[in-house]
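A.B. asks:
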Amino acid sequence: MARAKRDDDDDDDFVPRVGRPRTPEQFGPPRPEPYQREPYARHLKVVLDALEIGYLGPDERMYLQRIMWRTDRLRDCYPDRFPARGEDSIVLTLRSITESTNGCEALVLPIIKAISSCTHEAWVNSGSWFEALDELPLLETLKVLRILGIEDQLERVVRQKLYEMLGPPVAAAPKKKPPTRTMARPPNVSPDTGAEVMELHKAAKRETQRRRKARMAA
1 MARAKRDDDD DDDFVPRVGR PRTPEQFGPP RPEPYQREPY ARHLKVVLDA LEIGYLGPDE
61 RMYLQRIMWR TDRLRDCYPD RFPARGEDSI VLTLRSITES TNGCEALVLP IIKAISSCTH
121 EAWVNSGSWF EALDELPLLE TLKVLRILGI EDQLERVVRQ KLYEMLGPPV AAAPKKKPPT
181 RTMARPPNVS PDTGAEVMEL HKAAKRETQR RRKARMAA
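In our numbering, the protein residues as written are 1 to 218.
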């Protein structure tokens, strides 16, 4: 028997059996994010006062609070991989801008985002970090990109310029020392015989070194 056709009025009550469930309706004002709360705002104000930074826009403040909160969260979850504190991260970003030739006038959101994303440990500890930023006219670069309509490419431009001046942002891996070779006594050799073989080996090595020195002195 053919299935009866569903009336149009019943379609509004039909609940799909597959797919993502509907988001529950929220009542009242939206809850603030953790970084939007008062403790992070007070902490940021202490940092700005210590660096003698006056006015900073609300968007710039909120971005710095978010960086501070995210860095602290990573440090709490993975202290071995992310040892830096949130305060250290924003202090480095602010000092990189204000203590270079760009000055406090460059404390705008696109520049803060670009510099914050480029504070790699290898670049910061290279000894030429601030010298490289002195050669980067951040405000002029941002102005040109805005005229071209590609303001969102500022981070890419800054990263490429720093790459050209400071090299790749990867610390060189330390050279591994070759393992020391030792002669092990075979299990079927007695300790006395093994000790005698070792003495013969050392004597031969000393004789080789003596002959080498004699050839060099001749």
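Every residue, glycine too, gets a C-beta built ideally from N, C-alpha and C.
(1) Inspect the beta-carbon positions of Leu56 and Ile90 and report whether they are closer than 7 Å.
(2) Taking only the alpha-carbon atoms, compute the straight-line gap between Ser96 and Gln36 and give it to the nearest angstrom.
(3) Enumerate, from N- to C-terminal direction, the unbroken beta strand (DSSP E) stretches of 3 or more residues contained entirely within the region 30 to 64.
(4) Just how far apart, CA to CA, sit Gly167 and Arg159?
(5) Report, in whole angstroms, the separation of the C-beta atoms of Asp109 and Asp152, which I expect to be a contact under 8 Å.
(6) Checking contacts by CB at 7 Å: is Pro30 closer than that to chain C?
(7) Counting along the chain, where does the alpha helix (DSSP H) carrying Pro110 start and finish?
(8) Hey, quick one: how far does the alpha helix (DSSP H) through Arg146 stretch, first residue to last?
(9) My guess is that Met68 and Gly54 are in contact by the Cβ rule of under 8 Å, so how many angstroms apart are they, rounded?
(10) Should Met1 be labelled buried (16 or more other beta-carbon atoms within 10 Å of its own) or exposed?
C.D. replies: Taking the coordinates as given:
(1) no
(2) 24 Å
(3) none
(4) 10 Å
(5) Going by the sequence as given, residue 109 is Leu instead of Asp. At roughly 12 Å, the Cβ-Cβ gap does not stay under 8 Å, so Leu109 and Asp152 are not in contact.
(6) No chain C appears in the structure shown, which is made up of a single protein chain.
(7) 109 to 117
(8) 138 to 148
(9) That pair is no contact at about 19 Å.
(10) With a pLDDT of 48 at Met1, under the threshold of 50, the modelled position of that residue is not reliable, and no figure is offered here.
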